[in-house]
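Following: one structure in structure tokens, then a few remarks.
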Amino acid sequence: MFWGKYIENYDSNTVITTTADDDSIENVNNPNYGEAKNVLINAGKGNDTIKNEYANNVTINGGAGNDYISNDGGLNLSINGSSGDDAISNDYYHHGGHNATINGGTGNDYINNNGDNALISGGSGKDYICNDGDSVTINGGAGNDEIDNHGDNVTILGGTGNDSVEESDYNVNTVYVYSGGNDTLTHFRGLGTIVLGSVEVNSSLRSSNGTVKLNLSNNKTLTLKNYLGEGVNIVSSISDVKKFNVIRNPEGNSFIKGTNKNDFISNVSSDGYFTISGGKGNDYIYSHAYHVSIDGGAGNDSIISGSEYNTLIGGSGNDTIYNDAGNATKILGGAGDDTIYSHGYDVSIDGGAGNDLVSLNAYSASDVIIYYNEGDGNDTIYGFKHNQLSIANGMYSTEKSGNDVIVTVGDGKITLVGAASLSKLNINGTKATSTTLTVKNSTKSPVTVGSAIKTINASKRTTAIKITGNSLANTITGGSYNDSIYGGGGNDSILGGTGNDKLFGNAGNDSLSGGDGADTLSGGTGNDKLFDNAGNDSLSGGDGKDTLSGGDGDDKILGGAGNDSLSGGNGKDTLSGGSGNDKLLGGSNNDCIKGGSGNDSLWGGTGNDSLWGDAGADRFIYAEGDGKDIIYGFENSDTLTLDGLEFTSSYSKSKGTLALTFDEGSITFKNFTATTFHIDGNTYKISGSKLVKK
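Numbering (the working numbering), first residue to last: 399 to 1092.
Below is the structure:
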């Protein structure tokens, strides 16, 4: 990493960061010194001059100030002018200059491109864009822009504002996507295609000098200068665009589906509630409507959204997503090295896996949430001010690096460009400190942590691990295999993750969550909370006032000593309260519920359940639709709550059974010793073959 007024670099795999001065940087591929490839240049503030000569895979960020950025012959460049009135030149030398991504950023920018397969965005401001490359996509962005095109197979979006586009070659194949405003197209003819979307031409006026004015249904005017009637395709007459398979939405369909080819999908309608799927291929998707869900699918896609309340999904591939003034929008980059530009507020951005670049507009300073999961890669964020960075599945640390802040999460990092001057960083997540231990596949098992460690994270481990906590309140996360985790003393929080885990809270008021798999959870002493998800699990509360929930699967749940609460969830569960006054709920399916000693409350839930109150004055609960339940050992001290359900009774002395029948379902008493039955506040006795009130 370098700092200084003048820098000349020949080294590859290098990061160059300058000061706030007016700096000069030359990145040169010289056979005598080095290739200077895979270089990241962060110019910072100041009116900087940045030149790249023949070097490939270079990223240039001009930063604040009026910068001059030029590329002479380098391939696969990413150039971001950022703020200021910038001049950017991408030239063709020795078959170079191709595959560039250029973004002028804010300010009145000058962009000149001579390379093929370029993606150009003027950003906000009054920009001038001159293109001489083929197979290029140009987005003028916000502001009154001027675009001069000399290339073939070019797609142009003027963006918001009154834009001017000039074609210099009669035979160029250009697609112009109208974005609103009073736009002017000069020499647009021959193979040109104009996409108006839902906007219609109400009338046209042609003058003697070859100027045609189209009066549009949105009360705007589209002017064609020097139009000689060579057959421009407008909206409904689109039949073939060489670069794309063109898909329009003139009928207002709610679902637009692309092909496996490189599609051009246009939905310029202002009507909302559309779903657009690009499918495979390197697609170009433009939508001006609100409440639209766009999924680029596989391939290196370009998505441009010009309205609000939308969901933009890049999918797999190296995608470019423009959120042009779209408020209340959700952006998901997906897998791949994505580039995301957002000019809206109340926006959530998740770049996904890959090394992503996110650029935020200045006016969205405090209303953007950026999500990052450990393992997502090395991301770069421009314009981060008072936004929120939310980090999941990992712990983070921060350090200043020049004008930037580096946020490290596991093996990845997030570079907040220019954030070093901020008085506070709004980061939501678990900050790594000296009290944190990360357990990797290389960590030897068993792991017994030191006395100062509070957090133990083994979430990335894919082999079995045994972890024992200390006397502190530990937070322990297991891996994806069959782990054994002991909390030790303290009020611990233990998450097993996937796999058939064994979790032991030991002393303290612990919280244990097994996750998926056939898990064994033991609370130990203290008032514990035990939860599990899928799998046939075994839960034991131990001493204390415990809460146990089985979730899915056929679970075995034991409350132990204390006044416990047990819930079976889904599956054929076995619940045993143990000693104490317990509350037991079977949930769905056919459960087996035993209260144990103490005055217990038993509810089978839906399904045909079997219930034992055992010792104590127990309360049985039955609700409408609970199924055909059997209650064993009902005593005089026990009660039955029916919530007012009406029943008919039948007693079989020979079988020793008493049955209560409802409109749906029944309760059968077996092995009962009761001579009086307390039901819904009334007292009954057996008389003949049925129950009667006493």
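Glycine included, each C-beta is placed from N, C-alpha and C at the ideal position.
Residue i classed as buried or exposed, judged by whether at least 16 other C-beta atoms fall within 10 angstroms
i	result
Phe653	exposed
Asn450	buried
Val1090	exposed
His585	buried
Thr853	buried
Lys992	buried
Lys641	With a pLDDT of 38 at Lys641, under the threshold of 50, the modelled position of this residue cannot be trusted, and the question is left open.
Thr1073	exposed
Lys829	exposed
Asn411	exposed
Asn759	buried
Gly627	Its pLDDT being 45, under 50, Gly627 is placed unreliably in this model, and the value from its coordinates should be taken loosely. That one is exposed.
Gly1079	exposed
Gly1086	exposed
Glu1062	exposed
Thr860	exposed
Lys981	buried
Tyr739	buried
Thr591	buried
Glu772	buried
Asn617	exposed
Given residue i as reference, the closest of the options once Cα atoms are compared
i	options	result
Glu424	Asp693, Asp774 and Ile439	Ile439
Gly1154	Gly731, Gly1002, Val426 and Ala498	In the structure as shown, the chain begins at 399 and stops at 1092. Residue 1154 is therefore absent and cannot be evaluated.
Gly827	Ala485, Gly695, Gln786 and Tyr743	Gln786
Ser819	Gly800, Asn501 and Ile955	Gly800
Val845	Arg859, Gly1023, Gly712 and Ile863	Ile863
Ala751	Ser757, Val745, Asp744 and Tyr770	Tyr770
Val690	Asn716, Gly724 and Lys659	Gly724
Thr416	Asn427, Thr447 and Gly432	Thr447
Phe1032	Asp1024, Thr1046, Gly1005 and Ser999	Ser999
Thr945	Leu928, Ile955, Gly888 and Asn1034	Leu928
Ser995	Lys954, Ile804 and Gly978	Gly978
Ala1013	Thr1004, Asn1006, Asn478 and Asn997	Asn997
Those residues which DSSP pairs with residue i across a bridge
i	result
Leu1089	Ile1084
Tyr508	Ala485 and Tyr526
Asp550	Answer is none; Asp550 lacks a bridge partner.
Asn988	Looking at the DSSP assignment, Asn988 forms no beta bridge with any residue, so it has no partner.
Gly810	Val807
Phe653	Thr673
Ile1065	Asp1027 and Leu1058
Lys900	Ser882 and Thr918
Glu564	Asp546 and Thr584
Start and end residues, beta strand (DSSP E) containing residue i
i	result
Ser1052	Segment: none, Ser1052 is in no beta strand (DSSP E) and carries neither H nor E.
Thr709	Thr709 to Ile711
Tyr769	Val766 to Asn771
Thr836	Thr834 to Thr836
Asn925	Here Asn925 belongs to no beta strand (DSSP E), and DSSP marks it neither H nor E.
Arg1017	Arg1017 to Ile1019
Leu937	Ser936 to Ser938
His1076	Thr1074 to Ile1077
Phe1045	Taken as a continuous stretch (DSSP letters only), Phe1045 belongs to no beta strand (DSSP E), as it is neither H nor E.
Asp581	Asp581 to Thr584
Leu870	Taken as a continuous stretch (DSSP letters only), Leu870 belongs to no beta strand (DSSP E), as it is neither H nor E.
Tyr780	Asn776 to Tyr780
Leu473	Where Leu473 is concerned, there is no enclosing beta strand (DSSP E), given that its DSSP letter is neither H nor E.
Asp693	Val690 to Asp693
Ser757	Leu755 to Leu758
Ile863	Careful: Ile863 lies outside any beta strand (DSSP E) and carries neither H nor E.
Glu378	As displayed, the chain neither begins before 399 nor continues past 1092, which places residue 378 out of reach and without an answer.
Thr727	Looking at the DSSP string, Thr727 is not in any beta strand (DSSP E), and its letter there is neither H nor E.
Cβ-Cβ distance between residue i and residue j below 7 Å
i	j	result
Tyr408	Ala441	no
Leu710	Ser700	no
Asp507	Gly495	no
Asn868	Asp890	no
Leu893	Ser911	yes
Gly975	Asp952	no
Asp1016	Asp989	no
Asn488	Asn474	no
Tyr1049	Ile1077	no
Gly749	Asp722	no
Thr457	Ser481	no
Ser1094	Lys858	Nothing about residue 1094 can be read from this structure; the chain reaches only from 399 to 1092.
Asp681	Gly656	yes
Gly887	Gly906	yes
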